[in-house]
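To keep things clear, I will list the structure first and then write my remarks on it.
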Amino acid sequence: MTNTDPIRFAHRHLLDIARLNATDINQILSLAEHYAEIARTPDKKRDLLRGKTQINLFFENSTRTRTSFELAGKRLGADVINMSVGSSSVKKGETLIDTAMTLNAMHPDVLVIRHGDSGAPHLLAQKVDCAVINGGDGSHEHPTQALLDALTIRRRKGRLEGLIVAICGDIQHSRVARSNIALLNIMGARVRIVGPTTLIPSNAAKMGVEVYNKMSEGLKDADIVMMLRLQTERMQGSFVPSIREYFHFFGLDKEKLSVAKPDALIMHPGPMNRGVEIDSEIADDLNISAISEQVEMGVAVRMACLDLLSRGTAA
Ligand code: NCD
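Each number in the numbering used here comes from the position in the sequence shown (counting from 1) with 7 added on.
Printed below as a string of structure tokens:
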């Protein structure tokens, strides 16, 4: 797919997966395949977004997501500015809306926002004139992560439909899990969530997933095993007895993995806590782990999203 193909992407913003349909998702993934190819060549730069301004507004710490969005914008020729809370007036007490209005007055074309509060990108989108991309909001959604995970799976397995995907660990606090569950359901995969009851959301039954509390059952015959970070920064109080016990019951090691399909693929959005949710022996085994491919696909997917949103076909 190239930039001259007839594409109808009728979205002004990318706020969550719920607003996308299978056609939208397939379009993003196919365009991202094209950008993934370009990224493996010496000349990675295009000028599709030349003259456009992208502001990355990160209210939460981030390494890979911010870098990935920055690279994606730069490879498409945009001027990219990174604003992190530590260096902004937010520290001086400015509200999100005031920050948004200030930035809006500078006429950006895209705002990428990461924020600790669920719904912050949606609020921002109502206040600014440009496209808004959700780079992760609280424990709500992280749509580009789900898209890059889907692209990684599709490249390795050739499809999403019918695959058994086990998402394991701290589902309760994970925006990655919520976006993945939404996307995988739209694309016809079978989604399982696996974790201790304290880390399974109370509305799990309504999420279109099968719930398991034992790795030996949840991982059985799984095609994809997606591990999540134990997100202690979002926990108020104690959700697991101890890290050692958590690893014993829910940390992915060779033994727990042995019940999955022999060609099961291991994924993790990063950052990883080695020895907490995943054993290094598994994380670093390139035959089974797709973790670095996820990072690679992150740039490609974000290029595709920036490209599609900049076409301005939204009603
Ligand atoms: C995830 C996030 O920030 O939600 N990481 C990421 O975007 N690469 C997952 C996490 O923080 O555990």
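For glycine and all other residues, C-beta sits at the position ideal for the given N, C-alpha and C.
Where the beta strand (DSSP E) through residue i begins and ends
i    : result
C175 : I171 to C175
R121 : V117 to H122
S91  : D86 to S91
A138 : A138 to D144
N63  : T60 to F65
Cβ-based burial, residue i [other Cβ within 10 Å; buried from 16]
i    : result
M108 : exposed
I104 : exposed
H255 : exposed
N28  : exposed
S327 : One cannot answer for residue 327 here, as it falls past the ends of the chain, which runs 8 to 322.
E3   : Because the chain spans 8 through 322 in this model, residue 3 falls outside it and cannot be assessed.
N393 : As shown, the chain starts at 8 and ends at 322. That puts residue 393 outside it, with no answer to give.
D228 : exposed
S287 : exposed
S296 : buried
T346 : Residue 346 lies beyond the range of the chain shown here (8 to 322); nothing can be said about it.
E284 : buried
G165 : exposed
S265 : exposed
L293 : exposed
K263 : buried
D230 : buried
R26  : exposed
A212 : exposed
D144 : buried
G319 : exposed
G1   : As shown, the chain starts at 8 and ends at 322. That puts residue 1 outside it, with no answer to give.
P49  : exposed
T30  : exposed
T204 : exposed
T159 : buried
Span of the alpha helix (DSSP H), counted from its first residue to its last, around residue i
i    : result
E224 : M222 to G225
I298 : I298 to S317
T70  : It is not in any alpha helix (DSSP H) - T70 carries neither H nor E in the DSSP assignment.
N33  : A29 to A46
F256 : I250 to F257
T109 : L103 to N111
Q152 : P150 to K164
N187 : R182 to I193
A25  : That residue, A25, is in no alpha helix (DSSP H); it is neither H nor E in DSSP.
A132 : A127 to K134
K263 : K261 to L264
Inter-residue Cα distance where the pair is residue i and residue j
i    : j    : result
H275 : K51  : 26 Å
H122 : S146 : 10 Å
P115 : G258 : 43 Å
T70  : S223 : 33 Å
R57  : Q179 : 40 Å
D291 : D314 : 33 Å
A322 : H20  : Residue placement at A322 is flagged as unreliable, the pLDDT there being 45, under the threshold of 50; the coordinate-derived value follows with that caveat. C-alpha separation (whole angstroms): 12 Å.
L118 : L83  : 15 Å
V302 : N89  : 19 Å
K261 : M113 : 52 Å
M279 : T60  : 32 Å
T239 : I250 : 11 Å
R47  : S209 : 43 Å
A153 : L190 : 7 Å
S317 : N68  : 26 Å
A311 : E40  : 9 Å
R4   : C175 : This structure gives no information on residue 4, because the portion of the chain shown stretches from 8 to 322.
D270 : E168 : 17 Å
A43  : L22  : 23 Å
A17  : Q34  : 12 Å
I14  : Y253 : 46 Å
A157 : A132 : 25 Å
L170 : T106 : 43 Å
S91  : F66  : 6 Å
L78  : D54  : 13 Å
I32  : N192 : 12 Å
V232 : A85  : 36 Å
R161 : L206 : 28 Å
G142 : L36  : 17 Å
According to DSSP, residues forming a beta bridge with residue i
i    : result
Y219 : V201
V232 : A173 and I273
R281 : I285
Neighbour flag for residue i against chain C, beta carbons, 8 Å
i   : result
R15 : Annotation note: the requested chain C is absent from the structure, which comprises a single protein chain.
* Asked: Do the stretch 236-252 and the stretch 214-223 meet, that is, are 3 or more Cβ pairs less than 8 Å apart?
  -> no
* **Cβ pair count under 8 Å reaching 3, the stretch 298-309 against the stretch 196-213** => no
* **Touch test, the stretch 148-160 against the stretch 131-138, Cβ-Cβ under 8 Å, three pairs minimum** => no
* Under 6 Å from any heavy atom of ligand 3, by CB: list those residues in chain order, please. => This structure lacks ligand 3; the ligands present are ligand 1.
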